[in-house]
Every structure is written in structure tokens, then in C-alpha cells.
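Numbering (my numbering), first residue to last: 9 to 273.
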């Protein structure tokens with residue numbers, strides 16, 4: 009796509025899953041992609057794959073739990089490419105506990121990466137961006153409705169939605185749009201491990217899929233395509249401060265096994 013030629017996109021947490029799928033799409037469209045993660049070997053594999061198909065990519069390692077790391081990550085991005093047009097805040101930690109079982113260390117671990125790092129990366133990125141530019145944050149359907157034992161992950165992701173609104177309002181005068189995606193069940197390594205914890209993983213997966221009107225759980229590229237849409241000033245120039253839920257219709261379905269449809273009095 010012509011729009012992406014000459015533009016730089018930084019995708020945090022992009023050595024696997026949703027992040028890797030997003031990096032793949034943006035590189036295929038012509039963007040120079042900064043792949044980010046903790047493991048240089050994994051990062052090198054992603055960069056090699058992107059370059060093998062004609063993409064332009066570099067890897068930068070950073071532990072975003074360190075409050076100094078976001079500024080350094082943005083600086084290194086600009087050093088490599090001379091600019092930053094799109095930031096995708098995808099890096100996160102799946103920290104699950106109950107409200108009573110959790111302790112302050114659990115809280116800090118979740119919010120340091122899932123919320124504070126999102127803010128610090130966005131702040132650092134906005135300081136070097138020239139519009140039209142975009143920031144896309146990855147939240148979760150747990151920001152809106154959750155279940156026991158998902159604390160404090162759900163709190164952090166709800167914070168990402170609120171943060172997005174604040175950023176969108178404040179950065180709009182500079183033509184920097186900020187939006188969020190909220191994925192539901194996505195076929196990633198994290199959810200594979202979740203299903204593997206059941207006595208019959210296939211049966212549990214089938215049960216979860218049946219909760220979705222579209223009859224399946226999502227794929228990383230389902231989310232990546234939505235991120236690409238929100239990142240493109242060509243496709244979504246008048247969209248900012250919003251959250252796009254990507255959950256196969258699950259959040260629209262009344263989850264009541266005893267509910268009965270009534271068609272008459």
C-alpha cells in the first residue's frame with residue numbers, strides 16, 4: 009500500500025502472537041517495522057522472516073517494566089529510521105489472581121507493563137511524532153466484563169482504555185490519533201496453555217468456541233488487521249479515542265445457559 013511507504017511503525021511485544029502478525033502486515037504493506045521483545049534470538053527470527061519477504065525491519069530489545077526503557081526504545085527507533093509514525097502498544101503480561109490472593113507485588117507487576125509502560129511509550133512516541141501519526145493500544149475484553157481470578161490484569165486493561173481517551177484528546181491538535189483494540193479469545197500461545205490445563209483441552213476449546221456467535225475463537229491476524237486499519241491515516245483519519253472490540257460477537261451474546269427466546273406473549 010502506498011500509504012505505508014517510507015513510514016516507520018514500532019510494534020512492542022512483536023516476537024510472537026498478535027504483535028508478530030501486526031509486524032508482518034505492516035512490513036508487507038511497505039512500512040519499516042521495529043520489532044520489539046525481550047529475547048534477541050526470537051527478535052532476529054522475526055526480522056529475518058520479514059526481510060525474506062521483502063520487508064524492512066529491525067529488532068530492539070527492551071524490558072518495558074523498567075520505567076527508563078520506553079524513552080530509550082523510542083530514541084533507538086528514531087536513531088535507526090529517522091522517524092516514528094505509528095506506535096502499537098502490544099507488549100503485556102498476563103498476571104491473573106484473585107482480589108484477596110493478590111499482593112502489592114502482583115499488582116505492580118501487572119500494572120508496570122500492562123498500563124504504565126503503555127503510557128510511557130505513548131508519551132515518548134508523541135514527543136517525536138509528526139502528524140499524521142497514530143498510536144494503537146492493545147487492551148482486552150476483560151476491560152469491560154471479566155471473571156473471577158483475572159485481577160489485576162482486567163484493571164490494567166481498563167486503564168488502557170481510559171488512557172487512550174486522554175491521549176486522544178490531548179494529541180488530536182497535533183494530528184496524532186490514539187485508539188484501542190480489545191481482543192477476546194485469540195489463538196495464541198497463552199490461550200493454548202490455558203486450554204492445555206484442562207483434562208480434555210479439545211472439549212474445553214469447543215465449549216469456548218460455542219460461546220462465540222461466529223463459532224470460533226480469533227486468530228492473531230484478525231486483530232492485526234484491525235490494528236492496521238486504526239494505524240492508517242488513509243483508512244481511519246476521523247477515528248480517535250475509540251475502542252474496537254474483536255471478539256467474534258461474544259460480548260453481544262447474553263451468556264445465560266437458561267435463557268429462552270420468546271417470540272410471542
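Ideal Cβ placement from N, Cα and C applies to all residues, glycine included.
- For the 9 angstroms CB-CB criterion, residue 197 and residue 84 do not form a contact.
- Residue 22 carries a coil assignment under DSSP once its states are collapsed to helix, strand and coil.
- The DSSP-derived three-state label of residue 160 is strand.
- At a cut-off of 3 residues, the continuous stretches assigned as beta strand (DSSP E) that sit fully inside the segment 48-113 are 64-69, 94-97.
- Between the beta-carbon of residue 35 and that of residue 58 there is about 5 angstroms, and that keeps the pair under the 8 angstroms contact cut.
- Listed in chain order, the non-local C-beta contacts of residue 191 below 6 angstroms within the same chain comprise 231, 254, local neighbours out to five positions each way being set aside.
- Between residue 183 and residue 141, the gap from beta carbon to beta carbon is short of 9 angstroms.
- Measuring C-alpha to C-alpha distances from residue 120 to each of 61, 157, 74 identifies 74 as the nearest.
- Between residue 17 and residue 88, the C-beta gap is not smaller than 9 angstroms, which leaves the two residues out of contact.
- Looking at the DSSP output, residue 185 shares a beta bridge with 142.
- Residue state for residue 250 is assigned as coil, using DSSP reduced to three classes.
- Taking a 10 Å sphere around the C-beta of residue 137, we find 16 or more other C-beta atoms and assign the residue as buried.
- Taken through DSSP and simplified to helix, strand or coil, residue 36 comes out as helix.
- Burial is judged here by how many other beta carbons sit within 10 angstroms of a residue's own beta carbon; residue 256 has at least 16 and is buried.
- Counted as a single uninterrupted DSSP element, the alpha helix (DSSP H) harbouring residue 136 occupies residues 125-136.
- Membership of residue 10 in any alpha helix (DSSP H) is not indicated, and neither H nor E is assigned to it by DSSP.
- Residue 50 and residue 114 have their C-alpha atoms some 27 angstroms from each other.
- Here residue 240 is buried, its C-beta having at least 16 other C-beta atoms within 10 Å.
- Using a Cβ-Cβ distance cut-off of 8 angstroms, the segment 165-176 and the segment 143-151 are in contact, since at least three pairs of beta carbons, one from each stretch, lie closer than that value.
- Just so you know, the alpha carbons of residue 33 and residue 228 end up roughly 11 angstroms apart.
- Assignment of residue 153 by DSSP, reduced to helix, strand and coil, places it in the coil class.
- One thing to note: residue 12 has its Cβ within 9 angstroms of the Cβ of residue 38.
- DSSP places residue 228 in the helix class (H, G or I) of the three-state scheme.
- By the criterion of a C-beta distance shorter than 8 angstroms, residue 187 is surrounded in its chain by 142, 143, 144, 145, 172, 176, 238, 244, 247, 248, 249, 250, 251, 252, once the five residues flanking it on both sides are discounted.
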